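Numbering (the working numbering), first residue to last: -2 to 319.
Structure (structure tokens):
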């Protein structure tokens, strides 16, 4: 085989627990159907407690150029603790929140990868995003415009995280320069900040990523992270739809881009389970969502004035950015 005939392999990471299996199934249907025949795709599903039968259903989406691997979250977290020589002083739950930030160390066989949250539909060929050159940038991501114009969130982003609200990126879809992250000792720096300051945050992994990578982020076209936003017209041709926060079509009616989700969900083996979930998503759950959002807004305003923030430490001379 000549060098020119070697097919590019696109590594893609998801993380789920058992409750999110039906929605990941819809995502995998969309991803594999829109994948190009010109590339190979290796999907790694980091999971916590997914049963063997559900793994079998998800793995059925494999085809000639798509492979699916399941990795236990517990095993990977144990391995990073070992490799880190016990420098991590966090419990399992804390680790899972920040999981995507440990991918460079957990998977040294990859120099570049895509990380995607599981509340998505991939309506374009994901290899197109993978081919985007990152150069000296640490990650590629899209600005989180769903929160940029919400005053309490905007205040938090600019006064606590220390980022321009329109350049604050969403960590649910990432093109990651793993080789560079290892060279920069990204994991070590993250753990140092986490263990030293224990920043109180709104979006834990997203806020660390923004604070640390500021100035070294390649801003992707928003078609790669199209999020429902009632204040904006929907994109005409999104390549990846991300049902972020509470805007999930399996919970609510009239969610922007919901037609993309139901197009693939209707063909999932979990379709009836998805419908049942939606039927059972009653007013009590919706009221709780509204309460959680209010609490996030209140917390954002309070944290903007906290004594210990990314911005305050950066301005004091502490090394925050990589």
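Glycine is no exception: its CB is placed at the ideal position from the N, C-alpha and C atoms. Just so you know, these numbers come straight off a predicted model, no measurement behind them.
Residues that residue i bridges to, as DSSP identifies them
| i | result |
| --- | --- |
| residue 19 | Paired residues: none, contrary to the question. |
| residue 281 | Its beta-bridge partners do not exist; DSSP assigns none. |
| residue 7 | 38 |
| residue 304 | Its beta-bridge partners do not exist; DSSP assigns none. |
| residue 60 | 63 |
| residue 351 | Any answer about residue 351 is impossible in this case: the structure gives the chain only from -2 up to 319. |
| residue 68 | 43 |
| residue 166 | 140 |
Contact check, residue i vs residue j, beta carbons under 9 Å
| i | j | result |
| --- | --- | --- |
| residue 94 | residue 66 | no |
| residue 112 | residue 54 | no |
| residue 126 | residue 96 | no |
| residue 181 | residue 138 | no |
| residue 5 | residue 36 | yes |
| residue 43 | residue 17 | no |
| residue 22 | residue 267 | yes |
| residue 141 | residue 241 | yes |
| residue 200 | residue 146 | no |
| residue 208 | residue 136 | no |
| residue 262 | residue 105 | no |
| residue 164 | residue 211 | yes |
| residue 275 | residue 247 | yes |
| residue 9 | residue 45 | no |
| residue 109 | residue 173 | yes |
| residue 264 | residue 26 | yes |
| residue 166 | residue 216 | yes |
| residue 98 | residue 184 | yes |
Rounded Cβ spacing between residue i and residue j (contact assumed at less than 8 Å)
| i | j | result |
| --- | --- | --- |
| residue 175 | residue 101 | 4 Å |
| residue 214 | residue 134 | 6 Å |
| residue 308 | residue 156 | 6 Å |
| residue 118 | residue 24 | 6 Å |
| residue 202 | residue 303 | Residue 202 to residue 303, Cβ: 19 Å. No contact. |
| residue 63 | residue 38 | 5 Å |
| residue 300 | residue 194 | Residue 300 to residue 194, Cβ: 13 Å. No contact. |
| residue 243 | residue 191 | In fact, because the Cβ distance is near 27 Å, the residues do not count as touching under 8 Å. |
| residue 149 | residue 298 | 5 Å |
| residue 254 | residue 223 | 6 Å |
| residue 252 | residue 260 | That belief does not hold up - the Cβ atoms of residue 252 and residue 260 are roughly 14 Å apart, past 8 Å. |
| residue 319 | residue 219 | That pair is no contact at about 24 Å. |
Beta carbon proximity, residue i to chain C, threshold 9 Å
| i | result |
| --- | --- |
| residue 25 | Absent from the structure is chain C; it holds one protein chain and no more. |
Alpha helix (DSSP H) runs contained entirely in the region 221 to 274, provided each spans 4 or more residues: 255 to 262
Hey, which unbroken runs of the beta strand (DSSP E) at 3 residues or more fall wholly within the region 87 to 154? 110 to 113, 136 to 138
Segments assigned beta strand (DSSP E), at least 3 residues, entirely inside the region 171 to 217: 214 to 216
Run through the region 17 to 58 for me and flag every whole alpha helix (DSSP H) of 4 or more residues, listed as ranges in chain order. 18 to 30, 49 to 56
Using 8 Å as the Cβ pair cut-off and three pairs as the minimum, do the region 109 to 124 and the region 233 to 240 touch? yes
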